[in-house]
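Down below is the structure, laid out as structure tokens.
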Amino acid sequence: MSVIRIAAVVIRNAGGDILSVRKRGTVAFMLPGGKLEAGETGRQTAVREISEELGVDLDPELLVPLGRFGAPAANEAGCSVDCDVFLHPDPVDQLPEVRAEIEEARFFRADSDDPVLAPLSRDVVFPAVAGSVGGGVGGGVPAPE
């Protein structure tokens with residue numbers, strides 16, 4: 001099975017709902033982020049991808065590592081993802097404008113098990129975020145810098 005290295009960011013609204021995006025031509029909603037490019041860290045990838053896809057410039061120093069997680073890939077059969085996940089500490093008050101290959105953005109409750117969510121989100125990251133207390137989160141391994 002091929003492994004795709006990616007990085008993603010958990011961005012929440014004031015109610016704690018998690019921003020998720022759907023790429024054009026797909027049905028699964030996933031955390032915003034994308035594939036690491038040669039020489040990039042997960043943090044650098046996350047910041048670059050959020051800027052490209054949503055037009056939001058995140059301060060890399062504010063991103064809190066949630067962990068490194070794996071799951072079956074949502075849109076690439078026979079592949080899995082290995083993802084550095086970061087939390088953005090500041091809530092957003094509206095959906096960002098989608099750009100690049102992103103077709104749609106939507107908020108999902110952290111306890112959602114909606115089948116349109118990618119396995120990484122639905123089965124791994126959302127439960128970690130929903131089970132967190134006071135912003136701390138368990139599970140995964142520390143995301144490398």
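According to the UniProt record's numbering, the stretch in the sequence shown is residues 1 to 145, in order.
Glycine is no exception: its CB is placed at the ideal position from the N, C-alpha and C atoms.
For clarity, every value in this text was computed on a predicted model and none was experimentally measured.
To which residues does DSSP link residue 13 through a beta bridge?
-> Reading the sequence shown from its first residue, position 13 is the one you call residue 13. For residue 13, which the question treats as bridged, DSSP gives the partners 92.
List the DSSP bridge partners of residue 19.
-> Indexing the sequence shown from 1 puts residue 19 at position 19. 107.
Check whether residue 7 and residue 33 have beta carbons under 8 Å apart | What you label residue 7 is simply residue 7 of the sequence shown in a count that begins at 1. What you label residue 33 is simply residue 33 of the sequence shown in a count that begins at 1. Yes; because the gap between Cβ atoms is below 8 Å, this pair is in contact.
Per DSSP, what kind of secondary structure is residue 54 in: helix, strand or coil?
-> The residue labelled residue 54 in the question sits at position 54 within the sequence shown. Correct three-state label for residue 54: helix.
Residue 77 in three-state terms, based on DSSP | Walking along the sequence shown from the start, residue 77 turns up at place 77. Coil.
Rounded C-alpha distance that separates residue 114 from residue 122 = Along the sequence shown, one-based indexing puts residue 114 at 114. Along the sequence shown, one-based indexing puts residue 122 at 122. Going by the C-alpha atoms only, they are around 7 Å apart.
Expressed to the nearest angstrom, what Euclidean distance is found between the alpha-carbon atoms of residue 51 and residue 9?
-> Counted from its first residue, the sequence shown places residue 51 at position 51. Counted from its first residue, the sequence shown places residue 9 at position 9. If you take the alpha carbons of residue 51 and residue 9, they lie about 12 Å apart.
Distance between residue 108 and residue 18 (C-alpha atoms, nearest Å) | For the purposes of this step, residue 18 is taken as the residue at position 18 of the sequence shown. For the purposes of this step, residue 108 is taken as the residue at position 108 of the sequence shown. Roughly 5 Å separates the two Cα atoms.
Which class does residue 125 belong to by DSSP, given the choice of helix, strand or coil?
-> Walking along the sequence shown from the start, residue 125 turns up at place 125. Helix, per DSSP.
Determine, using beta carbons only, whether residue 98 and residue 54 come nearer to each other than 8 Å.
-> As a working note, residue 98 is residue 98 in the sequence shown. As a working note, residue 54 is residue 54 in the sequence shown. Yes.
Quick one, which of 89, 117 and 57 has its alpha-carbon nearest residue 64's?
-> Taking the sequence shown and counting its residues from 1, the one referred to as residue 64 is at position 64. The shortest Cα separation from residue 64 among 89, 117 and 57 belongs to 89.
Counted within 10 angstroms of its Cβ, other Cβ atoms place residue 43 as buried (16 or more) or exposed = If you number the sequence shown from 1, residue 43 lands on position 43. So residue 43 ends up on the buried side.
Residue 67 and residue 82 closer than 8 Å at C-beta | What you label residue 67 is simply residue 67 of the sequence shown in a count that begins at 1. What you label residue 82 is simply residue 82 of the sequence shown in a count that begins at 1. Contact: no.
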